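Residue numbers (this note's numbering): 18 to 141.
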Amino acid sequence: MKPRIAVLGCGYWGSNHIRTLKALGALYAVSDTNRARAEGFASEQDCLAIEPDQLFVRDDIDAIVMALPPQFHADLAVRAVTAGKDVLVEKPIALTVADAERAVQAAKDNGRVFMVGHVLRFHP
18 MKPRIAVLGC
28 GYWGSNHIRT
38 LKALGALYAV
48 SDTNRARAEG
58 FASEQDCLAI
68 EPDQLFVRDD
78 IDAIVMALPP
88 QFHADLAVRA
98 VTAGKDVLVE
108 KPIALTVADA
118 ERAVQAAKDN
128 GRVFMVGHVL
138 RFHP
């Protein structure tokens, strides 16, 4: 079974993740504070549009790709891994070393994958 992945943030980088995950057959949902933007992507990509807060409480989402401004990375990553979601966050991992360490520790404590997207590191 393929993972059901949601993309949080439908801006420039989020749209790249949406396109790639769709091609891999793993795109399940999109989410953005701009509901119309999320619904537009959901319609184009034949997936769900979900309110951001709902990503963390739904059992049908396995992982979240976070393409957000960096000041939100650590807190939302901690929230996601604590809720049992694996996370891919765009770089930078956080704005401070302390926040990065907090997010990494939360992932370890909850047995979740937490990784940072680095340009072309995962490109064949």
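Cβ coordinates follow ideal geometry from the N, Cα and C atoms, glycine included.
In this text, all values refer to a predicted model and were calculated from it rather than measured experimentally.
Beta-carbon separation (whole angstroms), residue i vs residue j, contact threshold 8 Å
i, j, result
"SER48", "ILE67", "5 Å"
"ALA46", "ILE78", "6 Å"
"MET83", "LEU25", "5 Å"
Pick from the options that is closest to residue i, judged by C-alpha positions
i, options, result
"VAL133", "ASP126, ALA120 and ASN127", "ALA120"
"ASN51", "PRO69, SER60, ALA117 and ARG36", "PRO69"
"ALA80", "TYR29, GLY128, ALA55 and LYS108", "GLY128"
"VAL104", "VAL114, ALA40 and PHE73", "PHE73"
"LEU112", "GLN71, GLY28, PHE89 and ASP63", "PHE89"
"VAL98", "LEU41, PHE58, CYS64 and VAL130", "VAL130"
"GLU56", "ALA115, SER32, ALA40 and ALA124", "SER32"
"ALA91", "ALA115, ALA100, LYS19 and GLN71", "ALA115"
"PRO87", "TRP30, LYS19 and GLU61", "TRP30"
Rounded straight-line distance, which links the Cα of residue j to that of residue i
i, j, result
"LYS108", "ALA94", "12 Å"
"ALA117", "CYS64", "31 Å"
"ARG96", "LYS102", "9 Å"
"GLN122", "ILE35", "27 Å"
Counterpart residues of residue i in DSSP-defined beta bridges
i, result
"ALA46", "ALA23 and LEU65"
"MET132", "LEU105"
| field | Those runs of the alpha helix (DSSP H) which lie wholly inside the segment 53 to 120 and span at least 4 residues | value | 90 to 99
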